[in-house]
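Chains as they are written, first to last, in our numbering: chain C, 3 to 241; chain G, 3 to 241. Glycine residues also receive a C-beta, built at the ideal position from the N, C-alpha and C atoms.
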DNA sequence: AATGTGTGTGTCACTTTGACGCAAAGATAA
DNA sequence: TTATCTTTGCGTCAAAGTGACACACACATT
């Protein structure tokens with residue numbers, strides 16, 4: 003009987019030769035009234051000098067990948083309730099000039115105003131509008147593209163968008179958000195009908211003021227109701 | 003200016019201390035007329051003696067994760083056109099008794115009849131019906147559950163199912179497949195209408211014979227048309 | 001008082017979905 | 001030969017959802 007070497011069956015020792023470095027890379031999407039942006043950092047590493055890259059770091063021995071992601075995300079933010087999703091692992095042996103580094107990509111999505119960048123130490127850190135991004139260092143352009151695709155899919159079925167709105171928002175602000183992120187146009191009346199049928203918006207009985215046109219009504223999102231419906235599994239959230 | 007240590011910005015050397023072992027684990031789903039099964043192997047590793055585990059292996063220095071998956075899948079099969087999907091990375095520092103092993107989980111889905119198991123050397127390898135699986139070694143039960151969830155989602159929007167049918171199949175065989183995998187009941191007439199509206203089945207103008215009831219018509223799947231429609235991006239595949 | 005600008009609303013035609021019953025085809029048993 | 005069994009194949013109806021589309025209103029500005 004041929005002994006099939008397999009890490010899940012027989013005892014094997016883990017040799018150093020087969021160990022590799024693991025990193026996490028985060029596509030940090032940000033939203034503000036200017037649109038959708040991604041947080042990028044200057045990369046000084048040959049041969050990618052002058053290019054920008056995603057934020058990431060090596061995973062330490064005693065932490066999970068998620069721990070590492072939280073570390074990367076929290077280094078420059080005061081956010082505690084961080085949202086992130088795993089996208090994919092990238093493992094081309096030549097993807098990193100320092101040697102073999104397998105990276106797991108994640109994306110996050112935050113309100114730009116909640117993200118405090120300490121200018122003095124982070125001159126090289128910048129929010130770049132998604133449509134202005136050209137080539138990136140490493141395979142980060144690929145990672146970005148696949149993450150963005152993943153985000154667009156996710157956002158239609160999960161209320162991520164609402165966490166990025168101000169506490170009180172108008173329906174037009176919300177629609178702009180979806181149009182910007184999804185890069186599509188939506189019909190105003192149909193959008194409103196859809197949102198109405200979800201029945202997850204709270205009409206605050208307030209209106210905008212100081213706008214030079216008919217003021218819009220303000221709403222907030224009913225997170226409580228959303229969570230309740232999700233728990234009992236009765237929610238068809240789709241925008 | 004505080005230098006932010008970051009693998010994507012400044013040169014750092016990759017120390018051995020931060021390197022870890024990486025493995026891939028494959029949830030190999032199989033389908034035959036008895037239903038949906040998973041290929042499992044006996045695990046002799048303390049403390050999991052007597053339990054079963056997924057198939058997996060360590061990732062070698064010069065291969066991608068996908069290479070490793072193909073290696074694991076092809077060890078016991080003659081299949082060449084392997085389908086697999088990445089599910090998620092599992093990185094709990096204590097998930098493996100041999101030491102730290104980060105694993106990336108994949109699932110595959112094949113026709114059981116296409117999978118040749120060499121009995122003599124693989125007595126410990128077995129197809130287990132999905133509903134008969136109890137606890138597994140390591141965190142493999144969790145991996146299985148999340149993979150199965152992922153598969154159920156995928157299968158409604160991708161024609162994976164058709165590759166698991168015999169070349170010629172009846173609509174009832176196809177419906178059974180979806181009912182088995184999704185673990186739901188479907189209305190026969192509505193199912194047929196749906197399939198018909200997709201317009202991807204070829205009516206072979208043949209019927210079953212030697213069945214003790216009205217013989218069903220035989221169909222095959224129009225992979226050519228499917229691929230053509232996918233390329234031009236005009237296909238709303240949903241079952 | 002007129003203008004500009006974004007807000008708020010309803011309808012119609014079309015498609016999709018879920019629920020549902022009955023006759024036909026072949027094999028088998030009486 | 002006939003009756004019975006089992007599975008196939010088909011159509012309709014009501015309900016819900018989708019996409020397209022136009023006009024009056026409210027506020028600020030001039």
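Of the candidates C:106, C:36, C:47 and C:49, the residue whose Cα lies closest to the Cα of residue 67 of chain G is C:106. In the DSSP assignment, residue 43 of chain G forms a beta bridge with G:55 and G:127.
DSSP places residue 32 of chain C inside the beta strand (DSSP E), whose first and last residues are 23 to 34.
Annotation: residue 217 of chain G to residue 206 of chain G spans about 14 angstroms, alpha carbon to alpha carbon.
Under the Cβ criterion of 8 angstroms, residue 134 of chain C is not counted among the residues facing chain G. Distances from the alpha-carbon of residue 54 of chain C to those of G:9, G:103, G:59 and G:28 put G:9 closest. By the criterion of a C-beta distance shorter than 6 angstroms, residue 81 of chain G is surrounded in its chain by 116, once the five residues flanking it on both sides are discounted. Residue 221 of chain C and residue 173 of chain C do touch by the CB rule: their CB atoms are close to 7 angstroms apart, below 8 angstroms. Comparing alpha carbon positions, the residue from G:46, G:63 and G:56 closest to residue 108 of chain G is G:56. Residues are counted here when their Cβ sits less than 8 angstroms from a Cβ of chain C; for the region 6 to 38 of chain G these are 6, 7, 8, 9, 10, 11, 12, 13, 14, 15, 16, 18, 19, 20, 21, 22, 23, 24, 25 and 27, given in chain order.
In the pairwise beta carbon analysis, the region 88 to 96 of chain C is classified as not touching the region 41 to 51 of chain C: fewer than three pairs are separated by under 8 angstroms.
Annotation: Cβ neighbours of residue 58 of chain C in chain G (cutoff 9 angstroms, chain order): 8, 9 and 10. Rounded to whole angstroms, the gap between the alpha carbons of residue 219 of chain C and residue 170 of chain C is 9 angstroms. Taken atom to atom, the span from the alpha-carbon of residue 187 of chain C to that of residue 237 of chain C is near 25 angstroms. Judged by their CB atoms, residue 132 of chain C and residue 40 of chain C are nearer to each other than the 8 angstroms cut-off. Around residue 33 of chain C, the same chain offers 39, 111, 112, 113, 114, 166, 179, 182 and 183 as residues with beta carbons nearer than 8 angstroms, after the five sequence neighbours per side are excluded. Approximately 6 angstroms separates the beta-carbon atoms of residue 61 of chain G and residue 25 of chain G; this is inside 8 angstroms, confirming the contact.
Per DSSP, residue 228 of chain G is not a residue of any beta strand (DSSP E); the alpha helix (DSSP H) it occupies stretches across 225 to 233. Within its own chain, no residue has a Cβ closer than 6 angstroms to the Cβ of residue 11 of chain C once the five positions on either side in sequence are excluded. Residue 213 of chain C counts as exposed, since fewer than 16 other beta carbons sit within 10 angstroms of its beta carbon.
DSSP places residue 70 of chain C within a helical segment (H, G or I) once states are collapsed to three. Using a 10 angstroms sphere on the CB of residue 88 of chain G, the tally of other CB atoms reaches 16 or more, which defines it as buried. Of all residues in the region 101 to 119 of chain G, only 101, 102, 103, 104 and 106 come within less than 8 angstroms of chain C when Cβ atoms are compared, listed by chain position. Within the region 214 to 236 of chain G, contact with chain C at the beta-carbon level (separation under 9 angstroms) is assigned to no residue. Using a CB distance cut-off of 8 angstroms, residue 49 of chain G does not count as an interface residue toward chain C. With 16 or more other CB atoms across the displayed protein chains lying within 10 angstroms of its CB, residue 127 of chain G is buried. One Cα belongs to residue 225 of chain G, the other to residue 194 of chain C, and the distance between them is close to 40 angstroms. Across the structure, residue 196 of chain C and residue 152 of chain G are spaced so that their CA atoms are roughly 27 angstroms apart. Within its own chain, no residue has a Cβ closer than 7 angstroms to the Cβ of residue 136 of chain G once the five positions on either side in sequence are excluded. In this structure, the CA atom of residue 97 of chain G is about 7 angstroms from the CA atom of residue 141 of chain G.
Runs of the alpha helix (DSSP H) spanning 4 or more residues and lying entirely within the region 152 to 216 of chain C occur at 162 to 165, 173 to 184 and 190 to 200, in chain order. Contact of residue 63 of chain C with chain G is assigned, a C-beta pair being separated by under 8 angstroms.
Across the structure, residue 14 of chain C and residue 100 of chain G are spaced so that their CA atoms are roughly 8 angstroms apart. Using a Cβ-Cβ cut-off of 8 angstroms, residue 81 of chain C does not count as an interface residue toward chain G, since no Cβ of chain G sits closer than that to its own. With a cutoff of 8 angstroms on beta-carbon distance, residue 241 of chain C and residue 190 of chain C are scored as not near each other.
Here DSSP, grouped into helix, strand and coil, assigns residue 144 of chain C to helix.
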